[in-house]
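Colleague: Residue numbers (this note's numbering): 12 to 449.
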């Protein structure tokens with residue numbers, strides 16, 4: 012396209028960015044992470060528990076494996092952000108996926124040779140937790156490098172669909188593969204991680220901008236979206252923490268994410284225990300959780316359109332309000348499919364709200380801090396996700412009747428909604444292209 016100025020000078024207007032469907036690097040990054048998440052569901056969430064049950068049936072070993080994975084992921088999350096900001100992100104992702112593929116391949120080979128060892132399984136779990144935690148902030152921080160700022164919300168909305176796809180496909184596939192042969196889930200995971208590695212070889216990340224000198228890294232002040240900002244690239248994780256604490260919008264959305272994860276994970280445990288007490292058939296309980304996955308997937312597919320149609324602040328506040336109403340209804344409807352449908356309703360607005368929050372966070376954060384921002388968010392969300400089931404169990408133990416515990420969760424969501432409305436930064440939560448109202 013040519014623009015004609017009054018003095019008849021001809022200049023070429025900047026070309027419009029291609030749609031996401033034709034953005035080569037974004038599609039490579041998306042596909043690589045999908046393979047990675049499917050592999051995690053196959054091996055870690057279903058394959059490892061089935062393997063331990065088949066060889067020892069020890070509840071202690073199963074609990075130890077789950078606890079070690081959660082603990083390692085949390086401990087590795089914070090230094091992983093520093094790695095993503097200091098090192099070449101493509102190389103970090105390649106190293107992580109290559110080593111993960113080798114770990115899973117070693118477990119599949121050992122099973123093929125008939126050499127099962129619980130300690131081998133534990134080594135694989137530890138390495139998977141560390142390498143997966145290092146991979147994630149590098150991948151998150153790379154998204155704004157390959158996607159124009161105007162398309163970032165749409166890209167994050169598409170990214171939000173990946174975990175739900177993996178959750179819907181992975182467990183069923185893992186169960187089928189394990190019945191074929193116990194090594195099948197791990198061999199399949201190794202192949203998927205190798206495919207992720209191969210995709211990343213073709214990825215081309217543009218050069219990262221050097222941080223401009225300025226006060227942002229010292230005072231923690233949040234730069235305006237699109238202005239770049241500055242930070243001390245050589246600093247540790249505390250540079251990122253100080254920057255988050257100095258930015259009211261980032262800080263408050265981080266607290267919002269922690270509160271939502273804590274309450275939602277507590278609610279899931281309460282619902283499962285309550286369903287067990289009411290003798291709900293296991294197949295029906297599985298369908299209840301499928302409703303939640305389907306609601307989240309539908310929300311992720313609609314997230315981009317909802318972000319365009321509604322202000323981000325409406326999505327952030329609306330999620331807490333809808334979750335409050337849906338959870339309150341869970342206290343009165345019978346357990347089973349009706350309760351599962353309400354779980355799906357509560358989960359529908361979670362991906363659009365997360366898209367609004369993450370789009371703002373990644374756009375505002377300087378490139379040299381995006382890895383640390385992602386790792387702090389993962390640490391906080393992971394901590395809330397770990398404490399949520401404990402809180403749910405304590406509510407069921409001390410609260411007496413299960414319906415009362417559900418009402419407590421509804422009250423907690425109502426408190427999140429009320430605090431969000433009282434918080435100036437959340438009540439006037441801006442989009443990535445507008446300033447926070449004065």
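Every residue, glycine too, gets a C-beta built ideally from N, C-alpha and C. Just so we're clear, the structure is a prediction, and the values are computed from it rather than from any experiment.
With DSSP run on the structure shown, which of helix, strand or coil describes residue 302?
Modeller: Here residue 302 sits in helix by DSSP.
Colleague: Quick check: the segment 385-405 against the segment 338-356, are at least 3 beta-carbon pairs closer than 8 Å?
Modeller: No, the segment 338-356 does not touch the segment 385-405.
Colleague: Can you tell me where the alpha helix (DSSP H) with residue 156 in it begins and where it stops?
Modeller: Element bounds for residue 156: 129-157.
Colleague: For residue 74, count neighbouring C-beta atoms within 10 Å of its own C-beta (all shown protein chains included) and say buried if the count is 16 or more, exposed if not.
Modeller: Exposed is the call here.
Colleague: Hey, quick one: how far does the alpha helix (DSSP H) through residue 76 stretch, first residue to last?
Modeller: Here the alpha helix (DSSP H) through residue 76 covers 70-97.
Colleague: Under three-state DSSP, which class holds residue 450?
Modeller: The structure shown does not extend to residue 450, since the chain spans only 12 to 449, so no value can be given for it.
Colleague: According to DSSP, simplified to helix, strand and coil, what is residue 412?
Modeller: Coil.
Colleague: Cβ of residue 296 within 8 Å of Cβ of residue 286?
Modeller: Yes.
Colleague: According to DSSP, is residue 315 helix, strand or coil?
Modeller: Residue state, collapsed to three classes: helix.
Colleague: Relative to the alpha-carbon of residue 93, which residue among 412, 380 and 306 has its alpha-carbon at the smallest distance?
Modeller: Checked all of 412, 380 and 306; the closest Cα to residue 93 is 380.
Colleague: Is it right to say residue 240 is buried, meaning 16 or more other beta carbons lie within 10 angstroms of its own, or is it exposed?
Modeller: Note on residue 240: pLDDT 39, under 50, position unreliable in the model; no value is reported.
Colleague: Given residue 55, which residues of its chain have a CB within under 7 Å of its CB, disregarding the five upstream and five downstream residues?
Modeller: For residue 55, where only same-chain residues beyond five positions count, the Cβ hits under 7 Å are 80 and 139.
Colleague: Closest by CA to residue 122, which one among 63, 109 and 253?
Modeller: The shortest Cα separation from residue 122 among 63, 109 and 253 belongs to 63.
Colleague: Hey, could you find the ends of the alpha helix (DSSP H) residue 44 is sitting in?
Modeller: Looking at the DSSP string, the run of the alpha helix (DSSP H) that includes residue 44 is 35-51.
Colleague: Write down the C-beta distance between residue 200 and residue 110 rounded to the nearest angstrom, noting that I regard them as a contact closer than 8 Å.
Modeller: The Cβ separation is near 13 Å, so there is no contact.
Colleague: Taking 8 Å as the cut-off, does the segment 187-203 touch the segment 110-119 (at least 3 CB pairs, one atom from each stretch)?
Modeller: Cβ pair count under 8 Å is three or more, so yes.
Colleague: Which residue wins for smallest C-alpha separation from residue 386, given the options 134, 247 and 175?
Modeller: Taking only the C-alpha atoms, the option nearest residue 386 is 247.
Colleague: Should the segment 171-178 be called in touch with the segment 129-138, which here means at least 3 C-beta pairs below 8 Å?
Modeller: No: the two stretches stay apart, fewer than three of their Cβ pairs being nearer than 8 Å.
Colleague: Taking only three categories from DSSP, how would you classify residue 117?
Modeller: Residue 117: helix per DSSP, three-state reduction.
Colleague: Kindly indicate which residue of 77, 336 and 414 has the alpha-carbon position closest to the one of residue 342.
Modeller: Selected option, being the one with the closest Cα: 414.
Colleague: I'd like to know whether the C-beta atoms of residue 361 and residue 310 end up nearer to each other than 8 Å.
Modeller: Their beta carbons are under 8 Å apart, which means residue 361 touches residue 310 by this criterion.
Colleague: Within the same chain, show all residues whose beta-carbon is closer than 7 Å to that of residue 424, passing over the 5 residues directly before and after it, in chain order.
Modeller: Around residue 424: 274, 331, 334, 335 and 338.
Colleague: Identify, in the order they occur along the chain, each residue of the same chain with its Cβ nearer than 6 Å to the Cβ of residue 47, setting aside the five sequence neighbours on each side.
Modeller: 207, listed in sequence order.
Colleague: Taking only the alpha-carbon atoms, compute the straight-line gap between residue 58 and residue 43 and give it to the nearest angstrom.
Modeller: Computed Cα separation, rounded: 21 Å.
Colleague: Would you tell me roughly how many angstroms separate the C-alpha atoms of residue 260 and residue 82, rounded to the nearest one?
Modeller: Taking the straight line from one Cα to the other gives about 29 Å.
Colleague: For residue 107, which residues of its own chain have a beta-carbon under 8 Å away from its beta-carbon, when the five flanking residues on both sides are left out?
Modeller: Cβ within range, chain order: 142, 143, 145, 146 and 149.
Colleague: Helix, strand or coil for residue 323 per DSSP?
Modeller: Helix at residue 323.
Colleague: In whole angstroms, give me the CA-to-CA distance for residue 223 and residue 97.
Modeller: Bear in mind that a pLDDT of 47 at residue 223, under 50, signals an unreliable position, so the number given afterwards is only what the model happens to contain. The alpha-carbon atoms of residue 223 and residue 97 are separated by roughly 16 Å.
Colleague: Where does the unbroken alpha helix (DSSP H) through residue 372 begin, and where does it stop?
Modeller: Segment 361-375, the alpha helix (DSSP H) holding residue 372.
Colleague: Classify residue 394 as helix, strand or coil using the three-state DSSP reduction.
Modeller: It is helical.
Colleague: When burial is assigned at 16 or more other CB atoms within 10 Å of the CB, is residue 128 buried or exposed?
Modeller: Answer is exposed; the Cβ neighbour count stays below 16.
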